[in-house]
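Student:
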Amino acid sequence: MGLLTKIRAGFGDGVTRLRVNVWAVAQSAAAASLAFFLAQVVLGHERPFFAPIAAVICLGITLGSRPRRAVELVFGVAVGLMVADLIVLVIGTGTLQIAVVVPLAMAAAIFFGRGTVLVNQAAVSAILVVVLQPPDAVFSPDRFLDALVGGAVALLVSYLFPVNPERLVERAAAPVFDELSALLVEIAAVLKSGDPARGQKTLLRAREMDDRVRNLNEALEAGHETARLSPTRRRSLRHLEFYASAGSRIELAVINTRVLARGAANATRRGDDIPDKLPEAVLDLSRSVKALNTFLDEPGGPGDARRHALDAARRATEVLEDRHELAISVLVGQVRSAAVDLLRSTGMDQASALEALEDAAGRASEIG
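So in our numbering the end of the sequence shown lands on 371, straight run, no missing numbers.
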């Protein structure tokens, strides 16, 4: 029964992935077909196989990319093909030729631009030429032109019929919210259990959040660029700007959570007596993160996210009524700071967030 459940879950995950990526697949198919048609019919090339190859390669990597990076990629593919064609014409094809052609093609790409994507794609293009080049071939600019056609078609398709930038951002945001929420639950468990080893593992886990946050920032930048440049996606700009504003505060919440994890690890290592309300307050932060994710993804108000954040601040601040140790005060301060960041992620400004927190929990300096 367990095996059947896993198979059913795997099948469901596969269907979900297909549903999410169906537009990207359709884009690649359309771009490859159009590139082949243009190179064959308009340019008159008999076998323009590099046109659809370049279209698929460029489209797959330029989706959501900034224009400069996308153009670099297209140019990198074309330069790699041209350099490889010229070199293979002189030295032929084979294993040793790959060792010569690849670094020379990469050097040419580096000369024209410093982009890593450009250099890597120049190398890939050079390898394709060496492997596919017939022994009796002569130099022809056809492959260079085919690559430009394929790249141009990819750019055209990606900007006239782009992926949904909101979905792009949502897919990047989900791992951040999920991991942040789970991390807060784990910090609460560390505070409750007093396990030093668990506290150290949680701190290491908190330090690994940066990659997810970086991916979200890149997706926000790419999504905004796609919506700004594509006529069919400009209506997404408002939602993306709201997401970007929330994302900047979430980044601060991640930093506060990392500090909170460090404080929890230090407290368990010292054997501090942690009041029960403190881990409960951290769990409220986790609930606020989940509610915030729902608020950003679906229509509705931010009430739940704000309520849980204020509950977290209130519970944490109540601890100070009985405990005034420096270590406890630091943990309380981090919970309150994270609560403010979450409140601001719902659209509140700094003054309104602080006022709401003080109305719900009071000033920490006045407690006790």
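Where is the CB? At the ideal position from N, CA and C, for every residue including glycine.
Model, not experiment: these values are computed from the prediction.
#1: Only counting the same chain, and skipping five residues up and downstream in sequence, which positions put a Cβ closer than 8 Å to that of A177?
#2: Tell me which residues share the same chain as I331 and place their Cβ nearer than 7 Å to its Cβ, disregarding the 5 neighbours each side in the sequence.
#3: Report the CB separation of V133 from V104 in whole angstroms; it is logged as a contact under 8 Å.
#4: Is A284 near the ligand MG, in the sense that its beta carbon is under 7 Å from a heavy atom of that ligand?
#5: Any idea what DSSP makes of H388, helix, strand or coil?
#6: Which residue wins for smallest C-alpha separation from P278, given the options V188, R170 and V335?
#7: Which same chain residues, not among the five before or five after L171, have their C-beta less than 7 Å away from its C-beta?
#8: Can you tell me whether DSSP reads P168 as helix, strand or coil?
#9: Using the three-state DSSP reduction, which class does I331 fall into: helix, strand or coil?
#10: With a threshold of 16 other CB atoms inside 10 Å of the CB of T98, please say whether the residue is buried or exposed.
#11: Which whole-angstrom value describes the C-beta separation of V216 and L286, a residue pair presumed to lie in contact below a C-beta threshold of 8 Å?
#12: Could you check what DSSP says for D352 in three-state terms: helix, strand or coil?
#13: Taking the CB atoms as reference points, tell me whether F315 and S291 lie closer together than 8 Å.
#14: For G365 and E358, I'd like the C-alpha separation in whole angstroms.
#15: Can you check which of these residues, D276, E173 and L194, is closest to D325 by C-alpha distance?
#16: Classify I381: buried if its beta carbon has 16 or more other beta carbons within 10 angstroms, exposed otherwise.
#17: Distance check for A354 and A267, CA to CA, integer angstroms please.
#18: Can you list the alpha helix (DSSP H) stretches of 4 or more residues lying completely in the stretch 210-291, in chain order?
#19: Could you have a look at T205 and say whether DSSP puts it in helix, strand or coil?
#20: How would you write the range of the alpha helix (DSSP H) that F147 sits in, first residue to last?
#21: Using 8 Å as the cut-off, can you tell me whether the stretch 43-54 makes contact with the stretch 159-169, which would need three or more C-beta pairs spanning the two stretches below that distance?
#22: Using only the alpha-carbon positions, how far apart do L107 and H311 sit?
#23: E49 by DSSP, collapsed to three states: which one?
#24: Output needed for S289: all residues of its chain with C-beta closer than 6 Å, excluding positions within five of it in sequence on either side, in chain order.
#25: Below 8 Å between beta carbons: does that hold for S36 and V59?
#26: Give the DSSP-derived three-state secondary structure of E301 in the structure shown.
#27: Quick check on this structure: which residue in M212, L360 and L206 has the alpha carbon closest to the alpha carbon of R317?
Tutor: From the atom records:
#1: Taken in chain order, the residues that qualify are N296.
#2: V322
#3: 5 Å
#4: Absence of the ligand MG from the depicted structure is noted, as is the absence of any ligand whatsoever, leaving it without description.
#5: Outside the shown range of the chain (4 to 371) lies residue 388, about which nothing can therefore be said.
#6: V335
#7: G67, A222, A225 and G226
#8: Under the three-state reduction of DSSP output, P168 falls in the helix class.
#9: Secondary structure of I331 (DSSP, three-state): helix.
#10: exposed
#11: No, V216 and L286 are not in contact; Cβ-Cβ is about 22 Å, not under 8 Å.
#12: Collapsing the DSSP output to three states places D352 in coil.
#13: Correcting the residue type first, residue 315 is Ala in the shown sequence and not Phe. The answer is yes: Cβ separation under 8 Å.
#14: 9 Å
#15: D276
#16: As displayed, the chain neither begins before 4 nor continues past 371, which places residue 381 out of reach and without an answer.
#17: Each residue's alpha carbon lies about 29 Å from the other.
#18: 212-232 and 240-273
#19: helix
#20: D145 to L163
#21: Contact fails: fewer than three Cβ-Cβ distances are below 8 Å.
#22: Rounded to the nearest angstrom, the two C-alpha atoms are 59 Å apart.
#23: Coil at E49, not helix or strand.
#24: S184, L187 and V188
#25: no
#26: coil
#27: L360
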